[in-house]
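Some notes on the structure that comes next.
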Amino acid sequence: MDSSHEPNPQSSHSAARERINRTEVGRQGEAVASEYLSKHGFRILERNWRCRHGEIDLICEVDETLVFVEVRSRTNPSKFGTAIEAVTPRKCRQVRETASFYMKHHRQSERSIRFDVVAVTFLTGLEPELLHISNAF
Numbered sequence: 001m002d003s004s005h006e007p008n009p010q011s012s013h014s015a016a017r018e019r020i021n022r023t024e025v026g027r028q029g030e031a032v033a034s035e036y037l038s039k040h041g042f043r044i045l046e047r048n049w050r051c052r053h054g055e056i057d058l059i060c061e062v063d064e065t066l067v068f069v070e071v072r073s074r075t076n077p078s079k080f081g082t083a084i085e086a087v088t089p090r091k092c093r094q095v096r097e098t099a100s101f102y103m104k105h106h107r108q109s110e111r112s113i114r115f116d117v118v119a120v121t122f123l124t125g126l127e128p129e130l131l132h133i134s135n136a137f
């Protein structure tokens with residue numbers, strides 16, 4: 001039997017591990033971002049709010065402003081680009097559409113809003129690096 005046609009169990013396991021690692025890095029990044037924002041006076045209203053338009057990582061309130069936060073996390077910025085570089089124009093549009101739906105759904109159309117980005121970089125053996133960009137887009 002020709003073994004070249006058999007699935008490689010190691011490759012499927014490594015792909016599954018990579019997905020789990022990516023998911024875990026995202027969760028950890030959101031936890032770091034939430035803690036940072038809370039310490040800086042933000043009240044976390046929603047985490048991972050979803051609708052048909054997409055998902056918003058964090059929805060917060062600070063100084064009577066509703067803040068929609070996109071969190072990006074990285075472990076190897078030299079290989080995949082920085083966390084900030086991962087916030088594409090397409091992602092900005094999706095977050096805006098999702099935020100608009102959230103505001104209509106929660107009857108918040110009169111509120112002042114803004115869009116922030118929190119980039120978290122995890123480097124081996126070091127504390128996470130965090131960059132918070134207010135009014136990012």
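Residue numbers for the sequence shown follow UniProt numbering, so the first one is 1 and each next one is one higher.
Idealized CB from N, CA, C, for every residue including glycine.
Range of the contiguous alpha helix (DSSP H) that encloses residue i
i, result
"V95", "P89 to H105"
Bounding residues of the beta strand (DSSP E) (the contiguous stretch that carries residue i)
i, result
"E129", "E129 to I133"
"L45", "R43 to C51"
"R111", "Neither: R111 is in no beta strand (DSSP E) and is coded neither H nor E."
Simplified DSSP state of residue i, which is helix, strand or coil
i, result
"A31", "helix"
"G81", "coil"
"T65", "strand"
"G54", "strand"
"Q10", "Here the model assigns Q10 a pLDDT of 49, short of 50, so the residue's position is not dependable and the matter cannot be decided."
Beta-bridge partners of residue i, as assigned by DSSP
i, result
"V120", "S73 and L130"
Contact check, residue i vs residue j, beta carbons under 8 Å
i, j, result
"V71", "V120", "yes"
"R111", "S134", "no"
"F42", "V67", "yes"
Inter-residue CB distance, residue i and residue j (contact presumed, cutoff 8 Å)
i, j, result
"V118", "L130", "7 Å"
"L58", "E30", "7 Å"
"E61", "L45", "6 Å"
"A33", "V69", "7 Å"
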